[in-house]
Every structure is written in structure tokens, then in C-alpha cells.
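Student: Protein chains in written order, with the numbering used here: chain A, 8 to 284; chain B, -13 to 100.
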Amino acid sequence: MQNGAGEPWRVGERGARALRSELGLGDAPIDIRDVIGRRGVQLAIQEFPPDWGDGRYLKKGNRHLILLNASVGDANRARFTAAHELGHHELHQDNREVVVYIDTDIHAQRRNNAEREANAFAAHLLAPAEALRRDLHGIPGKEITPEKVVELTIRYGMSYEALVYRVHNAGVISATTRNRLLEGGRGRVRELQALFSSRDDDAFFLTPQLPAEYRAAALKLYEERYITLERLAEMLRTSVEEAADFAHKVGLERERGLEPDEAAVAELRALAEGNAD
Amino acid sequence: MMEHETRALVGRRVREERQAAGYAKLEDFAAALEIDPTNLSRIERGERGLDSLLLARIAALLNVPMDAFFDAERGDMVTMARGASGERDEMVDWGLELLADVEFAEGVIAERGW
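Below, the structure is given as C-alpha cells:
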């Protein structure tokens, strides 16, 4: 029984299965950051006003970016958004130069197929039905407790509600059990979560950050004296002071007088403009 | 689908794609198409049909395939041609600037063999 039936649901599920199979992930819990990286997609988290919403997927030429809004302030939600945006990447390729998906509220009721497909993709990717079935195997619906659900939320990195709906949509529990668990979890999730250790990647999804490889590349340009400290600060989206501090911390201190020469800077600008076309 | 429904869909999709391509003002796009803005407005509102030649010109100007105008789902998928500014928001701009810098950094490193 597939309670989340419908074509978008199947499209999302197929896409998630195909990706798991291609990457050899089986049906084990995943680190979504790792999956995104293996698909050649950049992941950045930045503090934007809360009302700008969850995230964006951007494609420009052959470069791809998932951008999450740190001020949403919920690691489970951020992980789901990241998986949702990866769904756009996997399912909705478009050969135009620039493609953008603006997702201000990934949980909004959508009549739009692309959004429903991306949500189904995210749910299947994060928590495959087979794995959930195994996790709850032998436990009668009546005996599934909110504690058990919380254990699964940590395992799969999903919110309590999303996990309950997911287990129901995967056909593992009945609507009655779903409603009982939603009711039973209300107001208690935090208290229950305290019983378990949190996920290692929670802090990551709550902290503004640039893609690690890009940051390393920017530092490399600075180390090779290809860019000025000001340009490094610009590339790291930070102040000159913080950029200097950061460079210092990673052992990149440049003596005065070793700033890039004008010719190198001009060459750099020309290259930047050429690439920006 | 009834004829008036198709007209309404095509009209709505023309408006969405026009805005997504950066033609915020209907008048500007009408001028580019060399048609009367009143006619374009009626087309977008689904009050008036349009022939395939005009639709082909619209598709060419907006750089989208013809069938994009018959796909109801496509409307909420915000896609933009390069250089467009219509529907993008500041978060998108931030992301596009980051991608430009990523391209720059990778370009230099690849070129220099670092």
C-alpha cells in the first residue's frame, strides 16, 4: 500500500532509488552533504532573512549550487531542504544556461508536480521504505512509541512529523497509528530527543558556510599571491579583518611587500570578467 | 481541454515566461514583439487566442521551447534565460555571484595547474 500514491510520488521515488543505486548506498542512512558533493553540486549555507524561506537550487552553465537559509534554524528541516533541492538537480534538468528553483516553503501544499517530485525524492532518499520497514519489523502499530520514532528521526535526520508521515506514506503504519504518534509526539519531541545523542551534522546545517573546496581554492589564490586580501575577503563573503584572521589561522600569513603586483591583479580581473560572461 | 482553458493556460504561461525572462513590463515585451500592448494584455489574460507564428516569435524572444506554453506545471518552476532579472530574488543573486566566484577560482587554479 502506497499512501502517497500518484505520479509525482513515483517519479521522486524512482529518482531516489536510481541515485542510491548509482552511488552504491543501498538503503542505509546517508550523509546528505556527501551525496550532494558526489553529484558535483556545491552546498552553501548563509544567513538570510527568515521570510526568504528554506532554500534555492541554482544551475549556471555546468555549475550547480544548493543554497540553504541558516535562519530557518532547524537542522532536520535544512537536511530535508538540501535533499529536496538535490531532487531538482536530479529530476529537473533543463538545458537553459541559468535555472533557478525558489523554495520558500518546502512543506507548503503544492499542486506543482516538480515540487511534489522533489519532496518525494527527498523523503525516499533520506529514509527508504525498505529500511523503515526493517526498522519497525515485528513491532505492531499499536506498540510503536514516540520514543521509537525519535530514535528513527535521529537515524535518518528528519523531523518528528516528517518521519511519522514518511513511515505512513511508505505503507509501514496505518493512518490510525500515524495520528496517534503525531498526537503523542506533540510538545514532547524536544524532551524525547534529549534521551538520544544528537546528530554529528546538526551543527553544520545551522552554521553559515561556503563550500569547503571553494574556500580552499580562494585561499590558494591568496597563498599564490594571485589575489589581494580584499579580494579574498570578498570571495569568502566576510570582512577584511576576518579574512586576515582566517588566513592567519590556516598558516597563510603574507609579509607586507608581497602583495600581488598590479599586472597580476589586472590579469585576474580580466579572467574574472571573462568567466562571468 | 476546452479551447478557452487552453487560451487561459497559454496566456498565463506567456506572462510567467515573459516575467521570468526579465520583461517586467508588458509594454516592453509588446514593443519587442511589435504588437499592440492591448492585444498582448488580452492574450495573457486568456481573452484572446494567438496564432502559431506569433507564439513561435514569443518562444524565440524568450528563449523557451514552444511546448513550454502548454505545460501548466512549468509555471511554478522558475527558470530564467541568461541575463534575465525578472523573477530572481536576492538569495538567488547571492547564489549566482557565488557560482561566478567558484568558476573564477577553479578557472585560475586549472589554468595555473595549482
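Glycine included, every Cβ here is placed at the ideal spot set by N, Cα and C. Because the structure is a prediction, the values reported are computed rather than measured.
Starting from residue 18 of chain A, find everything on chain B with Cβ-Cβ shorter than 9 Å and list it in chain order.
Tutor: Here the premise fails: no neighbours, minimum Cβ distance about 12 Å.
Student: Would you tell me roughly how many angstroms separate the C-alpha atoms of residue 72 of chain B and residue 247 of chain A, rounded to the nearest one?
Tutor: Summary for residue 72 of chain B: the model assigns pLDDT 40, below 50, so the residue's position carries little reliability, and this model does not support an answer.
Student: I'd like to know whether the C-beta of residue 88 of chain B is nearer than 8 Å to at least one C-beta of chain A.
Tutor: It does; some Cβ of chain A falls within 8 Å.
Student: I'd like the list of long-range same chain contacts for residue 96 of chain A, defined as Cβ closer than 7 Å, with 5 residues on each side in sequence excluded.
Tutor: For residue 96 of chain A, where only same-chain residues beyond five positions count, the Cβ hits under 7 Å are 46, 48, 64, 71.
Student: Does the CB of residue 109 of chain A have a neighbour CB from chain B at under 8 Å?
Tutor: Chain B, which has a Cβ nearer than 8 Å to the Cβ of residue 109 of chain A, makes this yes.
Student: Along chain A, in chain order, which residues have C-beta atoms closer than 7 Å to that of residue 120 of chain B?
Tutor: There is no way to answer for residue 120 of chain B, as the model of chain B reaches only from -13 to 100.
Student: Specify the secondary structure class of residue 75 of chain A as computed by DSSP and reduced to three states.
Tutor: Residue 75 of chain A: strand per DSSP, three-state reduction.
Student: Using a threshold of 8 Å, state whether the C-beta atoms of residue 221 of chain A and residue 91 of chain B are closer than that.
Tutor: For residue 221 of chain A and residue 91 of chain B, yes; Cβs fall inside 8 Å.
Student: Closer than 8 Å by beta-carbon distance: list the chain B residues that pair up with residue 128 of chain A, in chain order.
Tutor: Simply none; closest approach about 15 Å.
Student: Should residue 147 of chain A go down as buried or exposed, given a rule of 16 or more other Cβ atoms within 10 Å for buried?
Tutor: Exposed: under 16 other Cβ atoms inside 10 Å.
Student: Determine whether the Cβ of residue 81 of chain B lies closer than 8 Å to any Cβ atom of chain A.
Tutor: With 8 Å as the cut-off, residue 81 of chain B counts as an interface residue toward chain A.
Student: Find the nearest neighbour of residue 230 of chain A within the set A:185, A:214, A:251, A:213, judged by alpha-carbon distance.
Tutor: Minimum Cα distance to residue 230 of chain A is reached at A:251.
Student: Since residue 67 of chain A sits in a beta bridge, which residues does DSSP pair it with?
Tutor: For residue 67 of chain A, which the question treats as bridged, DSSP gives the partners A:70, A:105.
Student: Once DSSP output is grouped into helix, strand and coil, what is the label at residue 39 of chain B?
Tutor: Helix at residue 39 of chain B.
Student: Count the other CB atoms, across all protein chains shown, that sit within 10 Å of the CB of residue 66 of chain A; report buried if there are 16 or more and exposed otherwise.
Tutor: By the neighbour-count rule (16 or more Cβ atoms within 10 Å), residue 66 of chain A is buried.
Student: In the segment 154 to 200 of chain A, which residue ranges form an unbroken alpha helix (DSSP H) of at least 4 residues, counting only runs that do not cross its ends?
Tutor: As far as the segment 154 to 200 of chain A is concerned, its whole alpha helix (DSSP H) runs of at least 4 residues are 167 to 176, 182 to 192, 196 to 200.
Student: Please compile the residues from chain A whose C-beta is within a distance smaller than 8 Å of the C-beta of residue 75 of chain B.
Tutor: Residues of chain A passing the Cβ test: 59, 109.
Student: Buried or exposed: where does residue 129 of chain A fall if 16 or more other Cβ atoms within 10 Å of its Cβ makes it buried?
Tutor: Buried.
Student: Assuming residue 225 of chain A contacts residue 239 of chain A (C-beta within less than 8 Å), just tell me the rounded distance between them.
Tutor: Correct: roughly 6 Å between the Cβ atoms.
Student: If you measure beta-carbon to beta-carbon, which residues of the segment 221 to 241 of chain A are closer than 7 Å to chain B?
Tutor: The segment 221 to 241 of chain A vs chain B, Cβ under 7 Å: 221, 224, 225, 227, 228, 231, 233.
Student: Less than 8 Å between the beta carbons of residue 29 of chain B and residue 39 of chain B, yes or no?
Tutor: Cβ distance not < 8 Å, so residue 29 of chain B and residue 39 of chain B don't count as in contact.
Student: Roughly how far, in whole angstroms, is the beta-carbon of residue 23 of chain A from the beta-carbon of residue 114 of chain A, given that I think they are within contact range, below 8 Å?
Tutor: Between residue 114 of chain A and residue 23 of chain A the Cβ distance is about 18 Å, and since that is not below 8 Å, they are no contact.
Student: Closer than 7 Å by beta-carbon distance: list the chain A residues that pair up with residue 92 of chain B, in chain order.
Tutor: The contacting residues are 224.
Student: Grab me the residues of residue 140 of chain A's own chain with a C-beta within less than 6 Å of its C-beta, minus the 5 sequence neighbours each way, in chain order.
Tutor: Excluding sequence neighbours, residue 140 of chain A sits near 179.
Student: For residue 25 of chain B, which residues from the same chain have a beta carbon less than 8 Å from its beta carbon, with the 5 sequence-adjacent residues on both sides left out?
Tutor: The answer, listed in chain order, is 16, 34.
Student: Need the endpoints of the beta strand (DSSP E) that residue 12 of chain B sits in, please.
Tutor: Careful: residue 12 of chain B lies outside any beta strand (DSSP E), inside the alpha helix (DSSP H) at 12 to 19.
Student: Can you tell me where the beta strand (DSSP E) holding residue 49 of chain A begins and where it ends?
Tutor: That run of the beta strand (DSSP E) goes 49 to 53.
Student: For chain A, find out if any of its Cβ atoms is closer than 8 Å to the Cβ of residue 44 of chain B; answer yes or no.
Tutor: Closer than 8 Å: no.
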